[in-house]
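Please read the structure below before turning to the comments.
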Amino acid sequence: MKKILPVVLALIMLIALFAGCGQNDVPFSDENPASVATLAGPTGMGMIQLFDNEAYDVGLFTSPDLISPKIINGDTDIAAIPSNLAAVLYNKTKGAIQVVAVNTTGVLYILENGDTVNSIEDLAGKTIYATGQGSSPEYVLNKILEENGLDDVTVEYMGAHADLANAMAAGKVTLALLPEPFVSVVLAGNSDIAVKIDINDEWQKIFGEDAGIPMGVMVVSLALSEDKAAMEKLIADCSASVDYVVSDTKSAAQDIADQGIVASAEIAASAIPRCGISFITGEACKAMLDDYFKVMFESNPQSIGGALPDDDFYYMP
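Heads up: the sequence shown at position 235 corresponds to 236 in our numbering, and the numbers run straight through without jumps.
As structure tokens, this is what we get:
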């Protein structure tokens, strides 16, 4: 009996060791879900499959201001937020987060109620109504107007996307710069309005075909980014979700509406092709954001937290 006891104890310890290894190989699950914060709109559309995945506890928010405290206080593992906010929070938290991927490119369009604008040059001397003063839409539009020598364009800013969309649909505004899904809302409400300029196309003419405007990103806490198995699972799950949204738009649009990310499946289906839904990681992600942050910094250093993010800002798979 004395000889058997040490053998039994050794077997128990060995079983416990393997059991522990097995648990560590599962980064998060339905019993220990990762907390996720995302926004209603394009930044949340691409991750629709995470909503029904029990490995993730997804919270949907209407404003980035509601997500920022969760990141600062360490109350969320994963967040999908505007790109410039990611830089602000990286600087504010002294490097407590990393960007995993660009998940939204483009989304900004110039709409016209009429037929006088068919190229960027046709904006000369005109007035454009826009939203997003002091943030990405303003600085991106200013850069494009500057690069095209359009110093005689007047830009009038309104407070909320919905207010401008309603004014445009009602015929009170002739030219407007709006993001999706508000573009689709306007088009559905007034058949006389058309998309005239894709701002992402104009951005690529300046920075190259692979550039794209990185409007939204996914960030993670440092604790999560240091867990290789967790990051592999997250990247695989998000990539699969994006593939689903862009390849099966009709089904994805219904799922997006059901989760309250967009008001209706019809609006979601119309918006998806213009949302630049993607999951761009690694060096391609870094290259896109580097160009973008330089424009933001030159326009207003505080728009990205007062300093350009360093290399540690980027998670490299």
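All C-beta atoms, glycine included, are put in the ideal place defined by N, C-alpha and C.
Looking at residue j and residue i, is the spacing between their C-beta atoms short of 7 angstroms?
i, j, result
"Leu-90", "Pro-65", "no"
"Val-243", "Val-101", "no"
"Asn-201", "Gly-47", "no"
"Asp-78", "Ala-35", "yes"
"Ile-198", "Ile-111", "yes"
"Asn-114", "Asp-53", "no"
"Ala-266", "Gln-255", "yes"
"Pro-215", "Tyr-293", "yes"
"Ile-257", "Ala-269", "yes"
"Ala-41", "Ile-305", "no"
"Val-218", "Val-103", "yes"
"Thr-105", "Thr-44", "yes"
"Val-296", "Lys-144", "yes"
"Val-187", "Ala-166", "yes"
"Leu-67", "Val-59", "no"
"Pro-310", "Ala-88", "yes"
Classify residue i as buried or exposed, calling it buried when 16 or more other Cβ atoms lie within 10 Å of its own Cβ.
i, result
"Asp-26", "Its pLDDT being 43, under 50, Asp-26 is placed unreliably in this model, and the coordinates cannot settle the point."
"Ala-177", "buried"
"Leu-109", "buried"
"Glu-299", "exposed"
"Gly-172", "exposed"
"Cys-22", "Reliability fails at Cys-22, whose pLDDT of 39 lies under 50, so the model's placement of it is uncertain and the value that follows must be treated cautiously. Its Cβ having fewer than 16 others within 10 Å, Cys-22 is exposed."
"Asn-33", "exposed"
"Thr-132", "buried"
"Ser-226", "buried"
"Ala-253", "buried"
"Gln-24", "In this predicted model, Gln-24 has a pLDDT of only 37, less than 50, meaning its place in the structure is not dependable enough to derive any value."
"Glu-122", "exposed"
Excluding the 5 residues preceding and the 5 following residue i in the sequence, name in chain order all residues of the same chain whose CB lies nearer than 7 angstroms to its CB.
i, result
"Gly-190", "Ala-170"
"Met-317", "Gly-283"
"Lys-93", "Ile-73, Gly-306"
"Asn-119", "Lys-197"
"Tyr-315", "Gln-99, Val-100, Cys-286, Lys-287"
According to DSSP, what are the bridge partners of residue i?
i, result
"Phe-280", "Note: Phe-280 sits in no beta bridge, so no partner."
"Tyr-245", "Paired residues: none, contrary to the question."
"Pro-215", "Thr-106"
"Ala-195", "Glu-113"
"Tyr-315", "Val-100"
"Phe-52", "In DSSP, Phe-52 forms no bridge with anything."
Can you list, in chain order, the residues of its chain whose CB lies under 6 angstroms from that of residue i, leaving out five sequence neighbours each side?
i, result
"Ala-272", "Glu-181, Pro-182, Ser-185"
"Leu-10", "Confidence in Leu-10 is poor, its pLDDT being 42 and thus under 50, which makes the residue's placement unreliable; the coordinate value appears in the next sentence. Nothing meets the Cβ criterion."
"Cys-286", "Ala-102, Val-103"
Run the proximity test for residue i: is its beta-carbon closer than 6 angstroms to any non-hydrogen atom belonging to the ligand MG?
i, result
"Asp-313", "This structure does not include the ligand MG; it has no bound ligands of any sort."
Excluding five sequence neighbours on each side, which residues of the same chain lie with their C-beta closer than 8 angstroms to the C-beta of residue i?
i, result
"Ala-125", "Leu-151, Asp-153, Val-154"
"Ser-136", "Pro-83, Asn-85, Ser-304"
"Thr-63", "Leu-40, Ala-41"
"Pro-138", "Leu-109, Ala-131, Thr-132, Leu-178, Pro-180"
"Tyr-158", "Tyr-130, Ala-131, Thr-132, Gly-133, Gln-134, Glu-139"
Examine the Cβ distances between the segment 91 to 100 and the segment 194 to 211 and report whether three or more of them are shorter than 8 angstroms.
-> Using a Cβ-Cβ distance cut-off of 8 angstroms, the segment 91 to 100 and the segment 194 to 211 are not in contact, since fewer than three pairs of beta carbons, one from each stretch, lie closer than that value.
Tell me, please, whether the segment 268 to 277 touches the segment 181 to 196 by the rule of three or more beta-carbon pairs shorter than 8 angstroms.
-> Yes, the segment 268 to 277 touches the segment 181 to 196.
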